[in-house]
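Protein sequences, first through last, are from chains H and B. Heads up: the first sequence is residues 1 to 300, going by our numbering. Heads up: the second sequence is residues 1 to 369, going by our numbering. Glycine included, C-beta positions come from ideal geometry on N, C-alpha and C.
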Amino acid sequence: MSNLNSTSKNAVGRKTSGLDKLLRVALYTVLIVVAAFYLMPFIVMLITSLKDVEEIRTGTLLSLPASLHFDSWSKAWSSACTGSSCGGISPYFMNSFQIVLPAVAISTLVGAINGYVISLWKFRGSDFFFAAMLVGCFIPFQVILLPMAQTLGWLGIANTTSGLVFVHVVYGVAFTTLFFRNFYQSIPGELVKAARLDGAGFFTIFYRIILPVSTPIIVVTVIWQFTQIWNDFLFGVAFSGFDTQPVTVALNNLVNTSFGGKEYNVDMAAAIIAALPTLAVYVFAGKYFVRGLTAGAVKG
Amino acid sequence: MANLVIDNVKKRYGETEILKGINISIKAGEFLILVGPSGCGKSTLMNSIAGLEDVTEGRILIADKDVTYTSPKDRDIAMVFQSYALYPNMTVEQNISFGLEMRKVPKEERDVEVQRVAELLQISHLLDRKPAQLSGGQRQRVAMGRALARRPQLYLFDEPLSNLDAKLRVEMRTEIKKLHKKLGTTIVYVTHDQIEAMTLADRIAVMKDGQVQQLGTPQEIYDNPANLFVAGFMGSPAMNFIPTKVVEQGGVPMLELATSTTVALPFPKPESLKDYVGKTILLGLRPEMITEPQPHKEGQPFVTTTDVEVEVTEPMGADTMILTRVNDAEINCRSNPMYPADAGSIIKMMFDTSKAVAFDKESGRRLDL
């Protein structure tokens with residue numbers, strides 16, 4: 001209370017003094033320095049990708065390119081060698097989409113239904129079930145490599161895109177369930193009771209009443225799952241076949257394959273291309289994320 | 001409209017027994033209120049009637065049909081919730097017609113029904129809004145509209161007014177009563193507010209610890225509480241409980257009252273206190289039965305005037321509550337605001353014991369039933 005009072009007194013009674021201005025300048029300085037610190041690697045990548053190999057060799061890492069060269073980008077996209085094939089990273093980029101899109105969709109949907117059941121249709125042992133599910137979030141990737149390889153073999157989907165989708169769904173469901181469960185905890189159970197008395201069934205309630213208010217958590221989950229699965233390297237390298245490799249694995253192969261001198265500009269261009277989709281998801285969905293939060297009038 | 005029979009309903013969660021054999025039967029068109037402190041099982045009982053929770057034992061009959069194992073949607077019940085539970089993504093109109101839509105009522109009929117309900121509750125101008133754009137009172141009306149639209153056999157109200165501010169609560173209370181008179185529907189209404197219970201109910205079931213303590217009309221429960229709990233729960237300000245020694249005067253048990261002087265109060269049913277002579281019981285006396293001396297009551301049986309010392313006064317406008325102390329217990333008296341009563345002064349007060357009740361000190365059992 002006293003805090004509130006003193007703040008409002010400052011705001012009303014006093015003009016901006018020299019000290020306030022100084023503090024403001026200091027604040028912005030700190031913010032700019034921190035932002036620059038985080039941006040620096042990306043800027044270096046970007047300018048390196050636009051230089052030609054000769055210029056890079058001179059070792060002027062931070063200087064701007066003398067002239068712009070975009071050929072490293074086209075080479076990275078369509079003709080750079082990853083291991084023995086030389087078609088750039090574009091086919092693997094498409095592979096990644098084929099893995100990521102279904103995996104994100106399925107794991108988000110399963111997580112939503114799990115969360116819906118655990119929060120709003122509690123059954124005997126549902127809390128235990130949730131706790132067991134939660135353990136899944138703490139299992140390191142490496143631990144499941146061997147058993148998963150065995151399982152994929154049994155299911156006959158080893159080295160296939162569907163195999164990778166399966167792995168990502170299984171591993172992701174623990175997280176998506178946690179997200180949706182926590183979100184649905186804030187939905188009053190009376191909403192479901194009212195709908196049941198109105199005559200709606202399990203899926204009708206989910207589809208007509210629960211999903212329409214879930215936008216914020218759907219966006220959060222999609223961002224999370226998209227970045228996780230897109231950026232995954234370990235599962236990709238372990239469970240993919242020669243032509244189902246995701247872009248992260250291809251990027252690694254590209255960087256490790258060299259004839260003569262290292263083409264850092266191509267490496268950097270490929271790395272940026274590989275990172276673009278996650279960047280786009282943040283820029284694009286981040287807006288909806290905020291909008292979803294403010295429009296989510298669940299409390300009411 | 002239908003009658004409702006709750007026949008020896010029990011509910012257990014593992015070892016804990018929430019409902020310990022409830023027997024209530026209400027006629028078609030009756031307004032029953034379940035009242036009790038939180039945790040008494042009234043909401044569990046409500047959910048059991050709705051079919052949202054299974055009962056462990058016993059039967060529930062609606063319109064003479066056993067619905068104990070029928071699913072909620074087939075019981076033909078509508079419920080109004082404390083949080084209103086309006087579907088946040090739907091407009092008021094969609095909220096009201098959702099139940100009809102689920103029951104596959106054609107669109108034209110739904111529209112007619114929505115119009116009827118909206119006019120009845122005066123919410124026609126709100127039909128296109130979302131719940132988030134409504135005030136508390138408006139949401140309350142929409143929640144009732146949703147219940148009314150299906151014309152069910154039985155209405156359940158689960159503390160529907162608890163989230164409203166005091167003024168609106170009184171308004172909506174009257175509105176619900178009018179609506180009940182107009183539509184003649186069967187209603188079961190849960191509340192923890194004993195004033196709501198008194199004003200609305202045809203009959204009240206006072207619950208505690210999973211048992212019905214008393215089932216009766218509001219006046220019965222007010223005047224003739226079955227035990228100490230019911231007596232203390234119903235009425236505001238609460239009934240005074242005065243530890244009193246039973247003394248025998250001329251062969252009749254009387255109640256000893258010590259203030260600055262000591263007097264013996266007569267009791268309406270002295271024979272019920274015969275076994276308690278020489279022992280201490282709890283005398284239950286409502287505040288309005290302890291007043292300033294009223295000339296017209298002077299000389300009536302069961303009226304005793306004595307001196308008390310005023311501790312505090314609380315003017316309420318229509319009456320003034322006087323807090324005083326007899327037999328070492330604090331008691332509330334309701335007096336005329338014009339009656340001079342300064343804190344610390346000794347004044348005369350009139351004790352009318354014609355409606356006094358007596359309880360066992362240990363068990364809380366009513367002694368004079």
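Where residue i falls, given that 16 or more other Cβ within 10 Å makes a residue buried
i	result
H:Y116	buried
H:S78	exposed
H:N5	For H:N5, the predicted model reports a pLDDT of 44, less than 50, meaning its position is unreliable; a value from the coordinates is still stated below. H:N5 comes out exposed.
B:R146	buried
B:A2	buried
H:F123	exposed
H:G199	buried
B:D158	buried
H:F242	exposed
B:H180	buried
B:D409	In the structure as shown, chain B begins at 1 and stops at 369. Residue 409 of chain B is therefore absent and cannot be evaluated.
B:E196	buried
H:W121	exposed
H:M94	exposed
H:L101	exposed
H:I47	buried
B:E330	exposed
B:P131	buried
B:V190	buried
B:T186	buried
B:H296	exposed
H:Y28	exposed
H:L155	exposed
B:M46	buried
B:R169	buried
Residues that residue i bridges to, as DSSP identifies them
i	result
B:V212	B:M207
B:E330	B:R325
B:P394	Since the first residue of chain B shown is 1 and the last is 369, residue 394 of chain B is not available in this structure.
B:P253	B:E248
B:N227	B:R365
B:S335	B:T320
B:M349	B:T306
B:S25	B:V5
B:I195	In the DSSP output, where bridge partners are listed per residue, B:I195 has none listed.
B:F31	B:I187
H:I118	Per DSSP, none; premise fails for H:I118.
B:P315	B:T320
Whole-number beta carbon distance between residue j and residue i, since they are thought to touch under 8 Å
i	j	result
H:M133	H:T177	5 Å
H:S72	H:S49	6 Å
B:Q194	B:V35	6 Å
B:V310	B:G344	7 Å
B:L367	B:D360	6 Å
Helix, strand or coil at residue i [DSSP, three-state]
i	result
H:I308	Absent from the model: residue 308 of chain H. The displayed extent of chain H is 1 to 300, so no value can be given.
H:A285	helix
B:D165	coil
B:Q79	Here the sequence assigns Met to residue 79 of chain B, which means Gln is not the residue at that position. Residue state, collapsed to three classes: strand.
H:K51	coil
B:R150	coil
H:G163	helix
B:K10	strand
B:I18	strand
H:I157	coil
B:L156	strand
H:S107	helix
B:A258	strand
H:A280	helix
B:V263	strand
B:F359	strand
B:S236	coil
B:S272	helix
H:S67	coil
H:V85	Reading off the sequence shown, one finds Ser at residue 85 of chain H, where the question assumed Val. It is a strand residue.
H:V248	Sequence check: residue 248 of chain H is Thr here, not Val. It is helical.
B:T91	coil
H:I139	coil
B:I290	strand
H:P318	Summary: the structure shown does not reach residue 318 of chain H, with chain H confined to residues 1 through 300, and so no result is reported for it.
H:K262	coil
Please specify which runs of the beta strand (DSSP E), each continuous and at least 3 residues long, are wholly inside the region 35-69 of chain B, giving them in chain order.
57-62
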